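Heads up: the sequence shown begins at 49 in my numbering, then just goes up one per residue.
Reading through the C-alpha cells given below for one structure.
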Amino acid sequence: MLLRQIQYFMAVAESHHFTKAAKQLFVSQSALSQQINKLEEDLGVKLLDRISHPITLTPAGEEFYRCAQKIISDINHLELQMQHYARDNQGTLHVGVITGLGKLPLTDIFSKFNTEISPQMQFSLTNCLSKKLCHMLGNHEIDIAIMAVPDELSTTDFELLSLQHEPFMVILPPAHPMANQAQINLNDLQTENFIFPTAENVSYDVFMAACQKAGFTPNIVTYCNTPGQRIDLVQSGLGISLISESGFTYFNHHADVVSRALTEPFYKHIAMVRRREEKHSPLVDKFWEYIRTNYGQDEA
Numbered sequence: 049m050l051l052r053q054i055q056y057f058m059a060v061a062e063s064h065h066f067t068k069a070a071k072q073l074f075v076s077q078s079a080l081s082q083q084i085n086k087l088e089e090d091l092g093v094k095l096l097d098r099i100s101h102p103i104t105l106t107p108a109g110e111e112f113y114r115c116a117q118k119i120i121s122d123i124n125h126l127e128l129q130m131q132h133y134a135r136d137n138q139g140t141l142h143v144g145v146i147t148g149l150g151k152l153p154l155t156d157i158f159s160k161f162n163t164e165i166s167p168q169m170q171f172s173l174t175n176c177l178s179k180k181l182c183h184m185l186g187n188h189e190i191d192i193a194i195m196a197v198p199d200e201l202s203t204t205d206f207e208l209l210s211l212q213h214e215p216f217m218v219i220l221p222p223a224h225p226m227a228n229q230a231q232i233n234l235n236d237l238q239t240e241n242f243i244f245p246t247a248e249n250v251s252y253d254v255f256m257a258a259c260q261k262a263g264f265t266p267n268i269v270t271y272c273n274t275p276g277q278r279i280d281l282v283q284s285g286l287g288i289s290l291i292s293e294s295g296f297t298y299f300n301h302h303a304d305v306v307s308r309a310l311t312e313p314f315y316k317h318i319a320m321v322r323r324r325e326e327k328h329s330p331l332v333d334k335f336w337e338y339i340r341t342n343y344g345q346d347e348a
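So this is what it looks like as C-alpha cells:
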C-alpha cells in the first residue's frame with residue numbers, strides 16, 4: 049500500500065466520481081483505476097461500489113476512509129514540522145511582535161543577539177495584533193511571539209516568559225475637569241466618551257473588564273488600534289482613552305494631552321510566547337534563554 053494509492057482513493061471517495069478525481073489529480077482515469085484496483089487487491093477487500101452512481105463506499109471503504117483521513121492529516125502536519133526545522137537549519141528565526149513596546153528595546157535585542165550570540169542567523173519579523181500572533185504560532189507560521197497576553201491564552205498549548213507588567217493610564221485633554229488630579233478613579237469616568245481599540249486587540253478585553261469591574265459599561269464613540277492616533281483623537285476632543293505608560297511616552301509626539309495614573313491600576317502583561325513542545329530548534333531555545341537571562345521577569 050502506497051501513499052499515492054491512499055491519496056487516489058481519497059480523491060474518488062470525496063468526489064464520488066473517477067473522472068472528476070482523475071482531473072483533480074492530473075492523472076488519466078485508467079491510471080487512477082489501476083492504482084485503486086491494486087490497493088483493493090493488496091488489502092483483499094472492495095473499497096468502492098462501482099455499480100452505484102455516484103460511486104459510494106463499501107463498509108470497508110468507509111472504515112478505510114476514516115483511517116486514511118488521519119494518515120493524510122498526520123502527513124501534512126509532519127511536512128509542516130519538517131519545513132519548520134528546514135528553515136531553522138537556514139538560520140532564520142521567525143518572530144511576531146506587536147507595536148507599543150516602548151520599554152522593551154527590540155532593535156537592540158535583535159542586534160545584540162545577532163552580533164554576540166548567533167552571527168550566522170537572520171530575523172524575519174511580523175507585526176500583528178496579539179490574537180493574530182497566537183493564531184500564527186499555533187499554525188507554525190512563526191517561532192516566537194512578543195505580545196500582550198490574552199486572557200484566553202492556553203498555557204497548556206503555549207509557554208510564556210514574562211517581560212513587562214506595565215500600568216495603563218488615562219489620557220485626556222488638559223481642559224478636562226479631572227486633568228488636575230494626580231490620580232483618577234476609573235468609576236468617575238463612567239459618563240465619559242471613550243476611544244477604544246477594536247475587539248481584535250487584547251487591550252479591548254482588558255479595558256472592558258476594568259470598566260465593568262468599576263461598575264459601568266463604557267460609552268465607546270470610536271475604535272482605533274494605533275496608540276498614537278488614539279492620543280490625537282483625545283487631543284481633538286472626541287473623547288478620553290487608556291494607554292500604557294510607555295505607550296504614551298513613545299507615541300506622544302507633543303500632543304496637547306495629559307496622562308493620569310489610576311487609583312486602582314490594571315496592567316498590560318507583555319510576554320514572549322512559544323508553542324509548548326517537547327523539543328524546539330536550537331535557535332529558538334538559544335533566543336529564549338537569551339531573553340530569559342537579560343530581560344525576563346520573575347513571576348510573583
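All residues carry an ideal CB built from backbone N, CA and C; glycine is no exception.
Keep in mind that this is a model prediction, so the values were computed, not measured.
Nearest-angstrom Cα separation, counted from residue j out to residue i
{"i": "S78", "j": "V93", "result": "20 angstroms"}
{"i": "K118", "j": "N85", "result": "22 angstroms"}
{"i": "N137", "j": "A61", "result": "For N137, the pLDDT reaches just 48, beneath the cut-off of 50, and the residue's location in the model is therefore unreliable, leaving the point undetermined."}
{"i": "Q82", "j": "S121", "result": "25 angstroms"}
{"i": "C259", "j": "H183", "result": "27 angstroms"}
{"i": "V145", "j": "F112", "result": "44 angstroms"}
{"i": "L141", "j": "P313", "result": "36 angstroms"}
{"i": "L331", "j": "E337", "result": "10 angstroms"}
{"i": "K327", "j": "L173", "result": "22 angstroms"}
{"i": "F264", "j": "F255", "result": "11 angstroms"}
{"i": "K261", "j": "T106", "result": "59 angstroms"}
{"i": "F296", "j": "E189", "result": "31 angstroms"}
{"i": "D236", "j": "L209", "result": "35 angstroms"}
{"i": "D205", "j": "E325", "result": "8 angstroms"}
{"i": "P266", "j": "L220", "result": "15 angstroms"}
{"i": "Q72", "j": "L128", "result": "23 angstroms"}
{"i": "T203", "j": "R278", "result": "32 angstroms"}
{"i": "H302", "j": "I165", "result": "38 angstroms"}
{"i": "F158", "j": "P275", "result": "23 angstroms"}
{"i": "K179", "j": "N342", "result": "26 angstroms"}
{"i": "Q345", "j": "T104", "result": "60 angstroms"}
{"i": "P198", "j": "A116", "result": "36 angstroms"}
{"i": "L80", "j": "D156", "result": "57 angstroms"}
{"i": "A319", "j": "Y56", "result": "46 angstroms"}
{"i": "L96", "j": "R323", "result": "41 angstroms"}
{"i": "V143", "j": "Q238", "result": "39 angstroms"}
Burial state of residue i (16 or more Cβ within 10 Å)
{"i": "P33", "result": "No answer is possible for residue 33: the residues shown for the chain start at 49 and end at 348."}
{"i": "A247", "result": "exposed"}
{"i": "N187", "result": "exposed"}
{"i": "G109", "result": "buried"}
{"i": "E200", "result": "exposed"}
{"i": "N300", "result": "buried"}
{"i": "A257", "result": "exposed"}
{"i": "R114", "result": "exposed"}
{"i": "A348", "result": "Here A348 scores only 45 on pLDDT, less than 50, and its place in the model should not be relied on; the value that follows carries that caveat. It counts as exposed."}
{"i": "I54", "result": "buried"}
{"i": "D191", "result": "buried"}
{"i": "L185", "result": "buried"}
{"i": "I123", "result": "exposed"}
{"i": "E126", "result": "The sequence shown places Leu at residue 126, not Glu. It counts as exposed."}
CA nearest to the CA of residue i, picked from the options
{"i": "I99", "options": "H65, L154 and H125", "result": "H65"}
{"i": "Y315", "options": "A303, E293 and W336", "result": "E293"}
{"i": "R52", "options": "L87, L128 and A319", "result": "L87"}
{"i": "I232", "options": "F206, M49, L185 and L290", "result": "L290"}
{"i": "I194", "options": "I54, G276, N175 and R324", "result": "N175"}
{"i": "V218", "options": "Q212, T163, N241 and P198", "result": "N241"}
{"i": "V250", "options": "Q72, A69, G148 and L80", "result": "G148"}
{"i": "V305", "options": "A319, S284, R323 and T341", "result": "S284"}
{"i": "L211", "options": "I339, F171, L177 and L73", "result": "I339"}
{"i": "D253", "options": "Q277, V282, I192 and A196", "result": "A196"}
{"i": "L281", "options": "I243, P102, N267 and L95", "result": "I243"}
{"i": "G139", "options": "F161, T274, T155 and N124", "result": "F161"}
{"i": "P222", "options": "P275, R308 and D333", "result": "R308"}
{"i": "L310", "options": "P153, K180 and L234", "result": "L234"}
{"i": "S329", "options": "I268, L152 and M169", "result": "M169"}
{"i": "K151", "options": "K334, F335 and P215", "result": "P215"}
Beta-bridge pairing of residue i - partner residues as DSSP gives them
{"i": "Y271", "result": "F244"}
{"i": "H142", "result": "S172"}
{"i": "V370", "result": "An answer regarding residue 370 cannot be provided, because it is not within the stretch 49 to 348 covered by the chain."}
{"i": "F206", "result": "R323"}
{"i": "A196", "result": "I318"}
{"i": "D97", "result": "T104"}
{"i": "I288", "result": "F242"}
{"i": "P215", "result": "Y315"}
{"i": "Q231", "result": "A309"}
Own chain, CB closer than 7 angstroms to residue i, minus 5 neighbours either side, in chain order
{"i": "D90", "result": "M49"}
{"i": "P102", "result": "H64 and H65"}
{"i": "A59", "result": "A69, Q72 and L73"}
{"i": "Q229", "result": "R308"}
Beta-carbon proximity list for residue i, same chain, < 6 angstroms, skipping 5 on both sides
{"i": "H213", "result": "Y315 and H317"}
{"i": "V321", "result": "A193, F206 and L208"}
{"i": "L177", "result": "E248 and N249"}
{"i": "Q270", "result": "In the sequence as displayed, the identity of residue 270 is Thr instead of Gln. Hits under 6 angstroms: I243."}
{"i": "P245", "result": "S251, Y252 and N273"}
Same chain, Cβ closer than 8 angstroms to residue i, neighbours up to 5 away in sequence not counted
{"i": "T67", "result": "Q77"}
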